[in-house]
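Engineer: Take my numbering: the final residue in the sequence shown is number 1239, and no numbers are missing along the way.
Virtual Cβ for every residue (Gly too), placed ideally from N, Cα, C.
Okay, here's the structure, questions in a sec.
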Amino acid sequence: MSAYLFNGESHTNYETAYMQTLGMDADQIESVLRQRDFELSQNIEKRAAAYRRESDPLFAEAYRKEAAGDTEGAETARTAGLAAVEKIKQQFPVA
(Lines of atoms letter the chains of each structure in order from A and count residues from 1; the text may use other names and numbers.)
(Lines give C-alpha, C1' and ligand atoms only; values in the text may rest on other atoms or scores of the structure.)
Protein backbone atom coordinates (compact mmCIF):
# COMPACT_ATOMS: atom_id res chain seq x y z
CA MET A 1 0.00 0.00 0.00
CA SER A 2 1.35 3.41 -0.85
CA ALA A 3 1.69 6.18 1.68
CA TYR A 4 2.45 9.88 1.75
CA LEU A 5 4.12 12.11 4.30
CA PHE A 6 2.51 15.19 5.77
CA ASN A 7 3.94 17.11 8.71
CA GLY A 8 6.42 14.31 9.35
CA GLU A 9 3.79 11.58 9.60
CA SER A 10 2.98 8.79 7.18
CA HIS A 11 -0.63 8.45 5.95
CA THR A 12 -2.40 5.92 3.74
CA ASN A 13 -5.87 7.47 3.60
CA TYR A 14 -6.26 9.27 0.26
CA GLU A 15 -9.79 10.59 0.83
CA THR A 16 -9.99 14.33 0.24
CA ALA A 17 -11.99 14.92 3.43
CA TYR A 18 -9.34 13.11 5.48
CA MET A 19 -6.51 15.10 3.94
CA GLN A 20 -8.42 18.32 4.65
CA THR A 21 -8.71 17.33 8.32
CA LEU A 22 -4.92 17.06 8.35
CA GLY A 23 -4.77 20.70 7.26
CA MET A 24 -3.78 20.12 3.65
CA ASP A 25 -4.77 22.76 1.11
CA ALA A 26 -6.15 22.00 -2.36
CA ASP A 27 -2.72 22.15 -4.05
CA GLN A 28 -1.19 19.75 -1.54
CA ILE A 29 -4.09 17.33 -1.93
CA GLU A 30 -3.84 17.46 -5.71
CA SER A 31 -0.10 16.82 -5.52
CA VAL A 32 -0.56 13.78 -3.27
CA LEU A 33 -3.28 12.35 -5.53
CA ARG A 34 -1.17 12.88 -8.67
CA GLN A 35 1.80 11.16 -7.06
CA ARG A 36 -0.39 8.22 -6.03
CA ASP A 37 -1.84 7.94 -9.54
CA PHE A 38 1.64 8.04 -11.06
CA GLU A 39 2.89 5.30 -8.73
CA LEU A 40 -0.14 3.14 -9.54
CA SER A 41 0.44 3.58 -13.28
CA GLN A 42 4.04 2.46 -12.79
CA ASN A 43 2.78 -0.61 -10.95
CA ILE A 44 0.70 -1.64 -13.97
CA GLU A 45 3.87 -1.87 -16.05
CA LYS A 46 5.83 -3.56 -13.25
CA ARG A 47 3.00 -6.05 -12.72
CA ALA A 48 2.89 -6.97 -16.41
CA ALA A 49 6.67 -7.52 -16.46
CA ALA A 50 6.47 -9.66 -13.32
CA TYR A 51 3.72 -11.81 -14.88
CA ARG A 52 5.91 -12.40 -17.95
CA ARG A 53 8.93 -13.21 -15.81
CA GLU A 54 7.36 -15.23 -12.97
CA SER A 55 3.87 -16.64 -13.57
CA ASP A 56 3.64 -17.01 -17.36
CA PRO A 57 6.44 -19.61 -17.51
CA LEU A 58 4.66 -21.67 -14.86
CA PHE A 59 1.39 -21.62 -16.79
CA ALA A 60 3.25 -22.57 -19.98
CA GLU A 61 4.83 -25.47 -18.10
CA ALA A 62 1.39 -26.55 -16.88
CA TYR A 63 0.08 -26.48 -20.45
CA ARG A 64 3.03 -28.56 -21.72
CA LYS A 65 2.68 -31.11 -18.94
CA GLU A 66 -1.07 -31.38 -19.51
CA ALA A 67 -0.47 -31.98 -23.23
CA ALA A 68 2.08 -34.67 -22.35
CA GLY A 69 -0.43 -36.41 -20.08
CA ASP A 70 1.27 -35.43 -16.82
CA THR A 71 -1.83 -34.15 -15.02
CA GLU A 72 -0.19 -34.18 -11.60
CA GLY A 73 2.79 -32.15 -12.84
CA ALA A 74 0.42 -29.81 -14.67
CA GLU A 75 -1.58 -29.19 -11.50
CA THR A 76 1.60 -28.52 -9.52
CA ALA A 77 2.78 -25.98 -12.11
CA ARG A 78 -0.68 -24.38 -12.34
CA THR A 79 -0.87 -24.04 -8.54
CA ALA A 80 2.59 -22.45 -8.49
CA GLY A 81 1.50 -20.08 -11.27
CA LEU A 82 -1.58 -19.00 -9.33
CA ALA A 83 0.53 -18.44 -6.21
CA ALA A 84 2.92 -16.31 -8.26
CA VAL A 85 0.00 -14.23 -9.55
CA GLU A 86 -1.22 -13.54 -6.01
CA LYS A 87 2.29 -12.57 -4.89
CA ILE A 88 2.63 -10.19 -7.85
CA LYS A 89 -0.74 -8.59 -7.11
CA GLN A 90 0.36 -7.92 -3.53
CA GLN A 91 3.75 -6.62 -4.64
CA PHE A 92 2.38 -4.27 -7.31
CA PRO A 93 -1.10 -3.00 -6.32
CA VAL A 94 -2.99 -1.10 -9.01
CA ALA A 95 -6.01 0.11 -7.05
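Using the three-state DSSP reduction, which class does Ser1154 fall into: helix, strand or coil?
Structural biologist: Against the sequence shown, residue 1154 aligns to sequence position 10. Ser1154 falls in the strand class under three-state DSSP.
Engineer: What would DSSP say about Leu1166, mapped onto helix, strand or coil?
Structural biologist: On the sequence shown, position 22 is the one that residue 1166 refers to. Three-state result, Leu1166: coil.
Engineer: Here's a check: name, in chain order, each residue in its chain whose Cβ is nearer than 6 Å to the Cβ of Ile1188, leaving out the five neighbours to either side.
Structural biologist: As a first step, residue 1188 is located in the sequence shown; it is residue number 44 there, counting from the start. Within the same chain, Ile1188 has close Cβ partners Val1238.
Engineer: How would you call Ala1194, buried or exposed, if buried means at least 16 neighbouring beta carbons within 10 angstroms?
Structural biologist: If you number the sequence shown from 1, residue 1194 lands on position 50. Result: buried.
Engineer: In the DSSP assignment, find the alpha helix (DSSP H) that holds Val1229 and state where it starts and stops.
Structural biologist: Locating residue 1229 in the sequence shown gives position 85, counting from the first residue. Unbroken alpha helix (DSSP H) run through Val1229: 1215-1235.
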